[in-house]
Structure formats: C-alpha cells, structure tokens
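Numbering (the numbering used here), first residue to last: 42 to 536.
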C-alpha cells in the first residue's frame, strides 16, 4: 500500500488530498472565512430547553444555536469527574435556561441545523486523546491485535504514574488513537505532559472568559492532517506553500518527529493537485454518475434524508452468462462505492441498490468486498445487511458537510429539485392564470412576460390555443420576452 498526503495551501482555502496507490480517496477542505469547528470547545449559555425532545439549544456565539441531547450531558461528581448513569436523566434535571455550559462541537452546522454539542470534553495530541473528566482508558477499535492493545494500555498507566511521581498530575483518562499502534513509551510520554498542560490552560480560560466565548480551537487543517491522517505507511507529505511547510516541519519536530523526514515542499510551477489529477477527480465527484471500468455505472443521489446509490451494468455484457456479468459488475461497484463514500464524504443513512443476484454466495462475496474496502475509511461505518428488497442498508458517521455541500449550492432555478417544469406545463399554467385574471379584473388587453422558450412555444405550437383563449376572454393577449426570467417564471400584466 502506497499512500501520500498532498496539501494545497492558499490565502483563501486549504485543501488536503489523501492518495492511495495513485488514486484519490479523500479530500478535506477548509476555507479561511468559514473554518470547520468540530473539536472546538465553547463556554456557552443554555437558551432553550426542550423536554419533549430531551434536548436543549445552547448559544455558543455562532449564527445558529448549537443542539445538545440529554445523553450528551454528563453530570459531574464532587471531584469533577463524569458520573455516568445507566439511564439518561430528564433534560430539565441536567440544565436550565440561562445556565452556563462548557461544550465541545462533535458535528459541524449542516444546512439549516446548528452544531451538535456534547459535554464529554476531550483534547487531542498525536497519539492520545485526553478526557479530563473521566478516568477511562480506551483504545481505537482499528487496533485489533489484543496483545498490542494490552501493551498500549500498560504503557499509558506506567507513563501516567511516572509523571505523577514527578509532580505532573492529571486526573483524566485517555483514548489511544490508531496511529499509536507500535509506538514506544518515550513517544507516549511526549504527548501526556503536553495534554496536561493544555487542559490546565483551558481550565483557566473557562473560569475567566464570559459566555458565549471560544475556549479552545482545533489546529488548522494542514496541521490536523499531519496529526490525524499521517500513518506509518504514508510515504510522502507534499506541501505547496513554503510558509506552511515551515510551520508543518516545526510542528512535526515537536509532536511527530517520525514523519518529519517525509515532509516535502513542492515548488513546481504546475499546481500540485493538477500534477496528481486531483482537480479532475474533484470535478467528477460533483456529478451523480460514476462510470466503472467494465462499462457499468453508479448513480449517486444525495438528499437531506439519505443518500442512495444505484448500480447498473450499462454497456458491460460479459463473456459467459448474465449472472456472471451481474456478479462482476457488483464486485467492481462495491469497491467503487467505498471510494465514493470517502471521496464525497457522504454520511448518515445510505441505501445501495446492487443488481439482483440469485446466487447467495455471490451476494455474500459482494457484501464482504464492500466491508473489506470500507475498513480503510476514517469515518465509522455500519452495514446492517441486505433487506428483503435486496437493498444494502448502511450508515456512515457524519461530522462535517459533504464535498458537494461545501463546493456547491442549490440551483436558484429549480431550488435543488434537479428538474424544471417543462415549457408546455408553464404555457398551460399561463392559460389558467389569464382566465383567473380576466374574470376578476377589467382591462383592455393582457400582457404575458415570460422566458424566450415559453414565448416561442406560445407563438408557435400553442398559437391556436392562444387564439381560442383571446376569443373566450374577449381581449387581445400580447407577449414579451424577459431575458432574465428562468423557464418557470412568468408574469401576467393587465393593461
């Protein structure tokens, strides 16, 4: 497995591309004017409690108030540690309107929804996530070797005890990140005091700052990429900005020395993303059709409720029989779907309609291929299996906007429907509107203002109907093209 990180830094926008074996797999974007806020900690104010939803809205200083569910609020005991109850308490017993609440963002604001919040606070370093209000030690599920998990747990215990003896004390617990696999005690020891010191500074800010205010902001995207995305098998990390490369080298020297030698400044005249074909792949990811090498294709549709993916054989006819053709298309589609979920960053409920397969073994292999290729996904995925209708139902954790939501906006003509009323439909709407207006008001004539395509249809194919309508209402009808009108827009003016 060959993996590279490409980092494109501009004054207005930073982009990070994860390339595996020469193929783009994931894209991360952060715009200077609209940075993501996942991981940020705020001192907020409860503005509304909703007992029926077991939730509350918290003002954290953003355009829209954040949303927090009762299950994301942990009461603190006398020592300031989270007191976890088996049952979720009534939201009214946990918070009240006007109360100050320290929260962390777990999901960016998406569409009309505010940020999703939690009081389970944590701060991250290269190998560890520090949880100041719990003594639990957890390990990433992606570290599967049981002996390695036990080794890491013992290392954290030993390192924490050693620091406590030296007077560097922290009461919280830790989560060992995936990149911690195989690291030494010395490397973990670098993270723990840093996290202790960081949390001590944040506690002082919490006490001194007013509400609402930012207590902690996560690192900029290119540094988060070094911390979160660089793995032992990442061969190169190429950055096209000299200034960002300098800051990244300084960051790596302090917190991730094992990746410092892989950092590389790209000074070429040809844009970095053009060199690797990333720009073209991003452009393709904004279309709903994905072609497969075999000749088949996927149709990817994203809505607010869910995303659907339909698999079609297209031009692929195979060499043996129909069942074999379908099986090969579905196998290729399973690999392509896993990549598209990562590339487009589709989240929430996802329904996949593979081509129907009669052979149970074929269905099992296609499902296994999808599960296997999703193992490399940074986002948590869960496949519930095949439904009675032959659909694969799955979920993928959504923490930020999808690629399409970041780069695009709903069409102002169709308002995101993806379709327009036909010119013929608009003509018949105009006829009905003319009859309504003629019956309600007196006038010498009626003027119709509409788009070029609608006026052309009214004067050509619908001209006989227009003549009949003029006779019916007893008034002449005139037409005027409005160049700025879209196909659905029109006005009826009484003159």
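A virtual CB, placed ideally from N, CA and C, is assigned to each residue, including glycine. Here the structure is a predicted model, which means the values were calculated and not measured.
{"Query": "Considering Cα atoms alone, identify which of 82, 344, 414 and 362 is closest to residue 399.", "Result": "362"}
{"Query": "State the Cα-Cα distance for the pair residue 284 and residue 54, rounded to the nearest angstrom.", "Result": "14 Å"}
{"Query": "Can you say whether residue 452 is buried or exposed, counting buried as having 16 or more other CB atoms within 10 angstroms of its CB?", "Result": "exposed"}
{"Query": "Does DSSP put residue 325 in a helix, a strand or coil?", "Result": "helix"}
{"Query": "Which residue marks the beginning of the beta strand (DSSP E) containing residue 442, and which one marks its end?", "Result": "Per DSSP, residue 442 belongs to no beta strand (DSSP E) and is neither H nor E."}
{"Query": "Tell me the rounded alpha-carbon separation between residue 244 and residue 160.", "Result": "14 Å"}
{"Query": "Decide yes or no for the touch test of the segment 339-350 against the segment 369-378: beta carbon pairs closer than 8 Å, at least 3 of them.", "Result": "yes"}
{"Query": "Can you list, in chain order, the stretches of the beta strand (DSSP E) that have 3 or more residues and sit fully within the segment 456-496?", "Result": "487-491"}
{"Query": "Note down, in chain order, each residue of its chain lying with its Cβ closer than 7 Å to the Cβ of residue 136, except the 5 sequence neighbours on either side.", "Result": "87, 90, 97, 114 and 142"}
{"Query": "Compute the Euclidean distance between the alpha carbons of residue 338 and residue 373, then round it to the nearest angstrom.", "Result": "10 Å"}
{"Query": "Using DSSP with H/G/I as helix, E/B as strand and the rest coil, what is residue 75?", "Result": "strand"}
{"Query": "Residue range of the alpha helix (DSSP H) that residue 371 falls in?", "Result": "363-385"}
{"Query": "What's the C-alpha gap between residue 163 and residue 466?", "Result": "56 Å"}
{"Query": "Looking only at C-alpha atoms, which of 319, 344, 367 and 346 sits nearest to residue 355?", "Result": "367"}
{"Query": "How would you label residue 149, buried or exposed, when you count the other beta carbons within 10 angstroms and need 16 or more for buried?", "Result": "buried"}
{"Query": "Restricting to runs no shorter than 3 residues, where is the beta strand (DSSP E) found entirely within the segment 216-241?", "Result": "none"}
{"Query": "Ignore the nearest five residues each way along the sequence and tell me which others in residue 392's own chain have a CB closer than 7 Å to its CB.", "Result": "347, 349, 432 and 434"}
{"Query": "Would you check if the distance between the CB atom of residue 229 and the CB atom of residue 196 is smaller than 7 Å?", "Result": "yes"}
{"Query": "So is residue 309 buried or exposed if we call it buried at 16+ other beta carbons inside 10 Å?", "Result": "exposed"}
{"Query": "How long is the line joining the alpha carbons of residue 418 and residue 289, rounded to whole angstroms?", "Result": "24 Å"}
{"Query": "Please classify residue 477 as buried or exposed, where buried requires at least 16 neighbouring CB atoms within 10 angstroms.", "Result": "exposed"}
{"Query": "Count the C-beta pairs between the segment 311-319 and the segment 58-77 that are closer than 8 Å, then say yes if the count reaches three, no if not.", "Result": "yes"}
{"Query": "Use the C-beta contact count for residue 69: other C-beta atoms within 10 angstroms, 16 or more gives buried, fewer gives exposed.", "Result": "buried"}
{"Query": "Got a sec, what are the start and stop residues for the alpha helix (DSSP H) residue 513 sits in?", "Result": "504-514"}
{"Query": "From what residue to what residue does the beta strand (DSSP E) around residue 520 run?", "Result": "518-522"}
{"Query": "Taking a contact to mean a Cβ-Cβ separation below 7 Å, would you say residue 385 touches residue 444 in this structure?", "Result": "yes"}
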